[in-house]
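To start, the structure itself, in structure tokens.
4 protein chains.
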Amino acid sequence: MTFPKAREHCGLCGVSGGESILERVHLGLHSLQHRGQEAAGIMVNVDGRCRVHKSAGLVDAVFRAIPLDWRQCRNLPRAISHVRYSTAGGSKENNAQPLMVEMAGQRVGIAHNGTLCNALSVRRKLQHEGVIFQTTTDTELILHLMARSLTKRHHGDLWEALEEALGEVRGAFSLLLMSHDYLVAVRDPFGFRPLSIGDFDDGGYMVASETIALQVAGARYLREVAPGEMVIWGPNNTMVSHRFAESPRRAHCIFEHVYFARPGSFVFGDSVYEVRKAMGRRLAREAPVDADVIVPVPDSGMYAALGYAEESGIPLDMGLTRNHYVGRTFIDPGITSRRKMVMRKLQPIVEALRGKRVCLIEDSIVRGSTSRARVQTLRDIGTKEVHMRVSCPPHRFGCFFGIDFPRREELLANKVPPDQLCRTLRLDSLVYLSQEGMLSCVKAFKPEDYCCACFDGNYPTPPELVENPTLPFFDAGGP
Amino acid sequence: MTFPKAREHCGLCGVSGGESILERVHLGLHSLQHRGQEAAGIMVNVDGRCRVHKSAGLVDAVFRAIPLDWRQCRNLPRAISHVRYSTAGGSKENNAQPLMVEMAGQRVGIAHNGTLCNALSVRRKLQHEGVIFQTTTDTELILHLMARSLTKRHHGDLWEALEEALGEVRGAFSLLLMSHDYLVAVRDPFGFRPLSIGDFDDGGYMVASETIALQVAGARYLREVAPGEMVIWGPNNTMVSHRFAESPRRAHCIFEHVYFARPGSFVFGDSVYEVRKAMGRRLAREAPVDADVIVPVPDSGMYAALGYAEESGIPLDMGLTRNHYVGRTFIDPGITSRRKMVMRKLQPIVEALRGKRVCLIEDSIVRGSTSRARVQTLRDIGTKEVHMRVSCPPHRFGCFFGIDFPRREELLANKVPPDQLCRTLRLDSLVYLSQEGMLSCVKAFKPEDYCCACFDGNYPTPPELVENPTLPFFDAGGP
Amino acid sequence: MTFPKAREHCGLCGVSGGESILERVHLGLHSLQHRGQEAAGIMVNVDGRCRVHKSAGLVDAVFRAIPLDWRQCRNLPRAISHVRYSTAGGSKENNAQPLMVEMAGQRVGIAHNGTLCNALSVRRKLQHEGVIFQTTTDTELILHLMARSLTKRHHGDLWEALEEALGEVRGAFSLLLMSHDYLVAVRDPFGFRPLSIGDFDDGGYMVASETIALQVAGARYLREVAPGEMVIWGPNNTMVSHRFAESPRRAHCIFEHVYFARPGSFVFGDSVYEVRKAMGRRLAREAPVDADVIVPVPDSGMYAALGYAEESGIPLDMGLTRNHYVGRTFIDPGITSRRKMVMRKLQPIVEALRGKRVCLIEDSIVRGSTSRARVQTLRDIGTKEVHMRVSCPPHRFGCFFGIDFPRREELLANKVPPDQLCRTLRLDSLVYLSQEGMLSCVKAFKPEDYCCACFDGNYPTPPELVENPTLPFFDAGGP
Amino acid sequence: MTFPKAREHCGLCGVSGGESILERVHLGLHSLQHRGQEAAGIMVNVDGRCRVHKSAGLVDAVFRAIPLDWRQCRNLPRAISHVRYSTAGGSKENNAQPLMVEMAGQRVGIAHNGTLCNALSVRRKLQHEGVIFQTTTDTELILHLMARSLTKRHHGDLWEALEEALGEVRGAFSLLLMSHDYLVAVRDPFGFRPLSIGDFDDGGYMVASETIALQVAGARYLREVAPGEMVIWGPNNTMVSHRFAESPRRAHCIFEHVYFARPGSFVFGDSVYEVRKAMGRRLAREAPVDADVIVPVPDSGMYAALGYAEESGIPLDMGLTRNHYVGRTFIDPGITSRRKMVMRKLQPIVEALRGKRVCLIEDSIVRGSTSRARVQTLRDIGTKEVHMRVSCPPHRFGCFFGIDFPRREELLANKVPPDQLCRTLRLDSLVYLSQEGMLSCVKAFKPEDYCCACFDGNYPTPPELVENPTLPFFDAGGP
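Chains as they are written, first to last, in my numbering: chain A, 1 to 479; chain B, 1 to 479; chain C, 1 to 479; chain D, 1 to 479.
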């Protein structure tokens, strides 16, 4: 009964060449734990054989159970790894990644961040050709397409097959693939999800969803994988770039900056930290408040609050403390009231807030139910006024590119007219950052290079692709 | 470090119609536990959706963890289930069965006992057509062949597709398949492995590898599935027989009678109990012994020993006791000597054997190492003489039809010349039952209707099919 | 819903001196697994510190989890170990043994087989003196009594304290105790439970509940610990005998011979194998039968059946086969009929029994419900007659010396008049072995040296001691 | 290889009367998780029987496994619960609390926060009287003393016995005890550790280590348990106060304010939040810095940093981000360098810090090794200067009252002369808050009412008591 705002499906980390590959992948993937807490997995080439270890659980727990012979193996040439977010009501271990299969006599593994928006039609087409499916992931589709492409060729070049397969899928896909001799990093032509490359002093390379992984593992940031680019590291660890598709437009997910990415990361050419602070400053200019104290909603509202406080001159205080032992998936049948669930996680400090005009800085509001309960706890302890400033516009649309928002009708901004939002949340005032304001805070690309579909409904791909992306739930092998 | 003689890969049990389907499958599969202790699985149609539950472990443990809603579901129309044998050095849970996939929009599950001897060439052919493999089982091949066959048809009749698929595979396959509305039982044209049908008073049917399952579950034995026959139960539970292939010859595995099947079962038209006793009697006539006591090697030598004692007039005594708490897969790094491993499992009773001329009745000798250690323990306690009579001929050849003997060069009869066998095992005398004698004990079919290839090398299928059936070991998802 | 006849509480195995102590204790305790399947534990002196490892589960599983440093330790001087039987409705891991405490600055551990019949009064007396209890075992009482005795002495000799403590308890106790420097084996003055000593070629000693442990571990049998004797191995591994109490009379549990002990063991000076065969022969003389076949109820009726068949000249056949994968504690909510539970475990072989006059040989009948269901399964398959011969007299009384029979009113012989027993069990005839006949089969001691209280109610200790031995159930720390 | 600064042993939460006792205790104990992450436990009176559930793990995990009948029980009258800190190298589940025993026919449970400094002499005295110990906790001693006291009385009043027991122990003890009919809260005469009382609208009471538990569970704060006071809730839930000892002086642990307690709690009459902010302001006055940015070391340095920034006018920025998925006990054999371990947990944000003069605000420095590695990571990213201000004086002495600091010789301030500290940590400047300054920030009591022994060595109890409080490590039942 903890309700995360949205669920993104993955974090990726791969390494080619260099020393201490297991340690580097572990450090890198661990720093991406915020992108997925359900399951983790790693694929390596141990003594010449591709093997996968994956299971439900946090990165540290999964890595602690790595087979002993992997640790003893001295010459691991490459590895890919993956974290996956928890989905409500029962996650399926057999959907964990990397997904490894045998194809044309080779083992090939894949890890995927994003969502294919034409998965259903591809799946149907493959069905008609006699393909059987063992998971419900859209990721499996890419492997089938590759395998079919391979059959048309005389010499089985996996990466030409991959290029052909990618030509048939639409949507968001940052991918890592691995075979006996190769590591490949791929980013869809729109560049929905981030994917960055770094290198180590000893010649090793790392590819990861966010640059924080490079930093923690000790790698230097080199550059992003470009939209429509495929970067290949072969047996001798040379890095080769190949453009597999024209990029019709960029469509970087702005919500990575607003909420998902770690503040210590660079994504889409900007520092998340700087973007969030700029959003706070912009918000202070767009929506000033007459308050005694600026209070961030931890942890994601912190940097916008710092920016807001700086710009407004109103002092910042950490008037809400977070209990970090609240697991995201905790459900106790005995704790059912939302007030208690909210209080379990965030506790207001009475001495900091009582009698004051408080302005909360939130990164975003999705359903609104948690926000309302939180405001109530502030009222209960005797605040004089409670205002809220939100560092992005209202969420009104679903995402078909890798973020699992609740259904449209559950989004607060679709349930309540704009002029009722403030009263619904029992606030004294409520202002969202404008979309223009939000986009003014990113510097690396032009405003039209970002995907803001969850705010404005302007999906970068044709509408027929995004109508019914949900696959029937398939639980082979699970309970 | 317990060394079973041979490893067969499965036991099958399915139910269509009638009451208490979960209970019946549980009772039936549990009685087939001797056919596989590595993993167990069950597939049911719960509230209109096909689901699988499977994991490593014994039947009781796997069934104890069955999802609660399965138990609460009142209208389970059908189920298939499977036990799988432990393989040395690391078994793979993702190779457990039933294997369920999605095919042409339907979920289809399969459970398999046997080995396809043209698996490698089928696999290669499918690879060339762009198929990817997620397990290393030959069972997966049948599903791929079905799916491909389906694509050529206008109306997707699964069972026509199955028939076509079976036309492409060779070898031993007793199969259970299940879809939303159907249960199908299949036996290969040679009839290598047993598969029997029974029914219940309430109209339900059961299909199982051995009749003991019918007996324990309370079903009446009806008949065997015939070689080359496909028996189909549809939505209204009527039983339809269909012959999908001519049977070139029968080739019933004689080793089922010698060792694998439970003595309470009927297989290939004969009572295992009666066959084993007859083997003992025949052995007594072929190879009389001058001994004070006949001692069976528990548990599998029991009935041959009863027959031997009866025929010879020499008293039988249970001079070896077995510790049934010896798990087959137990490995303790601190217990390495074979004498101790053997002693852990079988303890001679000193008072029964000391000073006596003992004749051990063994069902078979494969590697010989365990037998040698066992004879030594008998010598150690002061027996006067130790003779051995074996209720089948020497093992000299591998099996490509479902029994996983050690490699040919590890078989005792290939390592030691015939005249040295007795001395190698430190016996006073050693005689094997002749092949002719062995075959005289089965009554239902003619001698040429049995496969004795592990004894005489006469494989019922062309030699090119059996040359290299071993697939490279594939451990996707396993440790 | 498997109903064992009776539950005994323990098996013991200890080693002092010699090589490979962990391996020896493992082999020894494993061979005593039939005396307790609930939990197992071991106490060793690792690098000069006494440590305990114990948990629920079978011996192999518990030993597999032994801490790594124990295995690496080269100089383990001694060890004691224990297996414990499952008790219905929830066993308590914190009642597992060995129980180790700190006493007068030393760690002392104890393992116990038997029951103290004055536990309640001792417990009350200790309570009045201010003692607190952390388990519900009577075993804990002995440690408290030792500790109190120690306080009265100038120099803390643990074993004098033990002697004094033993002076205050009554009942059945075969004990192993261990401290930093000592191993002690104790047997109560009546000698209710067995306890034997053996030695190894390398100078090591083993003490174990049954001689099968010595045999499997490779030790020579030396002798039993005498009733009222305490055998002490000190730092230099010399064996010292000390008589701590006069033995008022011997009272060896005859049920060890009838049912509990392994046929390969010597207990109370007799071979269990020989005693059981003699019981069968005597039974044949006391109660001849007009039958076609003698069928043992496996596994415990085997040797009496061999004796009966030998004496009567009627052929023996193994007409009932046992599924050894039936765990004793298995409960499946879906399998509730007794017929099915019985059939799960023992399957009649139709071909061996149909149309025949069958005589079953049982070791004992306690509640009778299992026997009745079993007879019914024999009738169902078309036997002509079913007779039963039981190798001990009817059970009519409870045991206060270590065997946990059901309550008196649940015993068949107390529920049904003698002349109705045969009909109640649906038998054609039923005869029990006479008590005199049973006692004629043991040779080492006189008939009056055995405890037959469960048959005749003649308890060897005064009646006031055995009236209310049940302690209130205490579940500190358990669920 | 995460090195927490110090280890305190416990948090306590008890409830008497009112509704939803399990939920309240869960919410309360969960909010005290920061006081102990090793193990958690709860004792309740379920249907008239005292029972304990405890195990290793976090509060949520332990509560998820609570027996089902507890949840279904409608009339739980009272409960006590406990969290326990992880100790390096192997924690012992059997030392978890509450510790429940049987004493004079009653079950009594106890939960303890603190350390008895005369535990060794009490333990020796009890040993001489014949007591045996099953744990190594000093908590067990209190129960033994109670039990012995009870034996001298005619009518067994547990709480008189408790009072007498408390007369024999010295040191820090905040206790909760529970019997069938009573809940008792005790605080030692010095008041070392906090313990507060609250009540609910429905008449229920809660006692907890920190007031945050009351807030989260929805209780009103009433008052602290006074030093030397025993508060008793009986069967009818009336609250009775009893003074069991004179308070020679107050000795409140100042480190609760500096580091341990949650900022949302009131302890010793002051708001932790306010005390920490005041420390930051005082530190700014005592030790100004010429810096561009104030950066707290999360999470414990946050409020001092806010105070410092406020007082100094230097902007605060969250230049270090924390990965909250770093378990405290994580050990990966492949990650051994301290730099990597530090980086795993805290990542500097390059954009916030590069080229700047940074002043870190730490709550305290114990060993110094983590601080040094952290400073190095700041240097690596190109900060211009790195200063550190610490919101307490240097740690130079051990604690015998409930906080488990490393040994004296491991404390940085004892290893390095004062003028070398700055260079050792590679800082540009380093200033600690003065003891006088620190004590000026607490308002409720006079400076001499706090225990600052870890800073100045002035232990509130006579020195002979604190010389050798370490008990030999005792691992009965553990691995």
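Where a beta carbon is used, it is the ideal one built from N, C-alpha and C, also for glycine.
Looking only at L116/D, L32/D, L150/D, the smallest Cα-Cα distance to P263/D is reached by L32/D. Looking at the DSSP output, A208/C bridges to C13/C, S196/C. Taking 9 angstroms as the threshold, the shortest C-beta distance from Q134/D to chain C falls below it. Cβ-Cβ distances below 7 angstroms link D428/B to E385, V386, H387 in the same chain, with the five nearest sequence neighbours on each side left out; the list follows chain order. Close to chain B, meaning a Cβ-Cβ distance shorter than 7 angstroms, is no residue of the segment 42-55 of chain C at all. The shortest CA-to-CA distance from P418/A to any of N323/A, V431/A, S337/A is the one to V431/A. Taking the CA atoms as reference points, S369/A sits about 21 angstroms from M302/A. At the C-beta level, L353/D and V293/D come within 9 angstroms of one another. Rounded to whole angstroms, the gap between the alpha carbons of N237/C and E164/C is 24 angstroms. Around P227/B, the same chain offers R187, D188, P189, F190, G191, S247, R250 as residues with beta carbons nearer than 8 angstroms, after the five sequence neighbours per side are excluded. Chain order gives the chain D residues near H30/A as N323, Y325, V326, R344, where near means a beta carbon separation below 9 angstroms.
Taking a cut-off of 8 angstroms for Cβ pairs, the segment 160-175 of chain B and the segment 166-184 of chain A do not touch, as fewer than three such pairs fall below it. With a beta-carbon spacing of about 4 angstroms, V44/D and A79/D fall inside the 8 angstroms limit used to define contacts.
Counting C-beta pairs with one atom in each stretch, the segment 203-210 of chain B and the segment 8-23 of chain B have three or more that are closer than 8 angstroms, which means they touch.
Residue pairing for R357/A: DSSP places it in a beta bridge opposite E385/A.
Considering only beta carbons, no part of the segment 153-180 of chain D lies closer than 7 angstroms to chain C.
For L150/B, the C-beta contacts it makes with chain A under 8 angstroms involve G130, in order along the chain.
The C-beta distance from L320/C to A304/C rounds to 14 angstroms, too long to fall under 8 angstroms, and the pair is not in contact. Taking 9 angstroms as the cut-off, the Cβ atoms of L177/B and I197/B do not count as close.
Look at Q347/C here: in three-state DSSP terms it is strand.
A distance of 9 angstroms or more separates the beta carbons of L195/A and E160/A. In the displayed model, H82/C falls within a strand according to three-state DSSP. Using a Cβ-Cβ cut-off of 9 angstroms, A226/D does not count as an interface residue toward chain A, since no Cβ of chain A sits closer than that to its own. At a Cβ-Cβ threshold of 9 angstroms, K356/B and T377/B do not count as neighbours. At a Cβ-Cβ threshold of 9 angstroms, C422/C and M438/C do not count as neighbours. Taking all protein chains shown into account, A96/A has 16 or more neighbouring C-beta atoms within 10 Å of its C-beta and is therefore buried. If the five residues before and after A213/B are omitted, its C-beta is found closer than 6 angstroms to the C-beta atoms of C13, G28, S31, L32, all from its own chain and listed in chain order. Note that the C-beta distance between G307/C and G269/C is not below 9 angstroms. Beyond the five residues adjoining it in sequence on each side, D60/B comes within less than 7 angstroms, by CB distance, of H30 in the same chain, given in chain order. Under the 10 Å beta carbon count, L141/C is surrounded by 16 or more other beta carbons and is classified as buried. Within the DSSP secondary-structure output, L427/A pairs in no beta bridge.
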